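Asks:
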Amino acid sequence: MTALDSVASPRTSVSRRLAPLIGREARLLVRHPVLWPVPVVVAVTTSVETASGGRTAGYWYGTIFTVVAFFGPIFVLFSANLVASNARRNRAEEMLSVTPTTDTRRTWAMSLGVALPPAGAGAIGAGAMAVIDSGFNDIPPEDLLTAGQLAQLPFVLAGAGLLGVLAARWLPFAGGALITFVVATLGGVILFRRFDSGVWWMWWTTDSSFEGRAPGPGEPWLHVAYLAGLCACAAVAAVYRDRAQWPRLALVGVPVAAATLAFGWLQLP
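Its first residue numbered 632, the sequence shown is counted upward by one per residue in the working numbering.
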């Protein structure tokens, strides 16, 4: 066995052990009952709502964006939190502590398993919007999203899932997800609206108005990197939650947070 093989072998072994755990968490999220109302909400909304000008390509373009960027994150956050707190709620944490997989690896697998399906759904939604845009010419130009803005959608959904995992790890009690949701919402409504460019520090898209405010100046692709950085911050904070892991949290988290803030700062006027 060569030196390269000896280095690659442990990494391959870790990946093989994590893959089933990631798949299990992803299945738990996709099958979670909290996500079941999503298609019902979409169907009822589109059937009841009276579309001005008819259900044109522009109508469906906006509907997909609303589902992905508005309704989707709410359902994903709460379902991800319930999946991440499943062991605690079922009093199975002691059983997990004696398994061969460490808590750190389980949390990494949980974070990836919770983030990947929503990110895939966001990518499908962005792809559907791009197809509608390329196939029809009746969408108002002011409603069209650029490639950079569409690329933000997977990270918005993935970030909601990771925020749910983060809440389950740092607020391990009933109502932790609700507190996270309320604080994030109030933070967006009250705190960030006090700054002209405060919308850029939110876990949001560069095209979305908020509380009647049009989005400020910014660079969509930089915001993609910023959203990816927020996802990484949430994952790192969730993985290194235990007090014994706090030195590693600082070692890994501080550079990630600094890079994320830099991507946000570069968007400010």
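Even for Gly, the Cβ is constructed at its ideal location relative to N, Cα and C. Treat the numbers as computed from the prediction; the structure is a model and nothing was measured.
In angstroms with no decimal places, state the Cα-to-Cα distance between residue 898 and residue 798.
Replies: 28 angstroms
Asks: Take the Cβ of residue 810 as the centre, count every other Cβ of all protein chains shown within 10 Å, and call the residue buried at 16 or more, exposed below.
Replies: exposed
Asks: For the 8 angstroms Cβ check, are there 3 or more pairs between the region 739-754 and the region 654-667?
Replies: yes
Asks: So, under 8 angstroms CB-CB, residue 774 and residue 689 are touching, yes? Tell me the CB distance rounded to an integer number of Å.
Replies: 6 angstroms
Asks: Give the secondary structure of residue 850 by DSSP, where H, G and I count as helix, E and B as strand, and everything else as coil.
Replies: Coil.
Asks: Answer yes if the region 885-896 comes into contact with the region 748-766, meaning at least three C-beta pairs across the two stretches below 8 angstroms, and no otherwise.
Replies: no
Asks: Just the Cα atoms here: how many angstroms apart are residue 764 and residue 692?
Replies: Taking the straight line joining both Cα atoms gives about 8 angstroms.
Asks: Kindly indicate which residue of 674, 735, 687 has the alpha-carbon position closest to the one of residue 767.
Replies: When only C-alpha atoms are compared, the closest one is 687.
Asks: Can the beta-carbon of residue 862 be found closer than 8 angstroms to that of residue 789?
Replies: Yes, the pair counts as a contact, with Cβ atoms nearer than the cut-off.
Asks: Please report the Cβ distance between residue 716 and residue 803, rounded to the nearest whole angstrom; I am assuming they are in contact, meaning their Cβ atoms lie under 8 angstroms.
Replies: 7 angstroms
Asks: Between residue 891 and residue 864, what straight-line distance do the alpha-carbon atoms span, to the nearest angstrom?
Replies: 8 angstroms
Asks: In three-state terms, what does DSSP make of residue 688?
Replies: Residue 688: helix per DSSP, three-state reduction.
Asks: Report buried or exposed for residue 667, applying the criterion of at least 16 other Cβ atoms within 10 angstroms of its Cβ.
Replies: exposed
Asks: Output the distance between the C-alpha atoms of residue 872 and residue 800, rounded to the nearest integer angstrom.
Replies: Rounded to whole angstroms, the separation of the alpha carbons of residue 800 and residue 872 is 7 angstroms.
Asks: Starting from residue 709, trace the alpha helix (DSSP H) both ways and give me its first and last residue.
Replies: 703-715
Asks: Please report how far the alpha carbon of residue 670 lies from the alpha carbon of residue 695, in whole angstroms.
Replies: 12 angstroms
Asks: Which residue marks the beginning of the alpha helix (DSSP H) containing residue 780, and which one marks its end?
Replies: 778-781
Asks: Give the straight-line distance between the Cα atoms of residue 697 and residue 673, rounded to the nearest whole angstrom.
Replies: The straight-line gap separating the alpha-carbon atoms of residue 697 and residue 673 is approximately 10 angstroms.
Asks: Just to confirm the assignment, what range does the alpha helix (DSSP H) spanning residue 872 have?
Replies: It is not in any alpha helix (DSSP H) - residue 872 carries neither H nor E in the DSSP assignment.
Asks: Measuring only the C-alpha atoms, how far is residue 662 from residue 701?
Replies: Approximately 21 angstroms, taken between the alpha carbons.
Asks: Might you give, ordered along the chain, the residues of its own chain that have their beta carbon closer than 7 angstroms to the beta carbon of residue 725, omitting 5 neighbours on each side?
Replies: For residue 725, the predicted model reports a pLDDT of 48, less than 50, meaning its position is unreliable and no value from the coordinates is stated.
Asks: Go ahead and pull the three-state DSSP assignment for residue 667.
Replies: coil
Asks: What's the gap between the Cα of residue 870 and the Cα of residue 882?
Replies: 13 angstroms
Asks: Taking the straight line between their C-alpha atoms, what separation do you get for residue 874 and residue 771?
Replies: 53 angstroms
Asks: In this structure, does DSSP put residue 876 in helix, strand or coil?
Replies: helix
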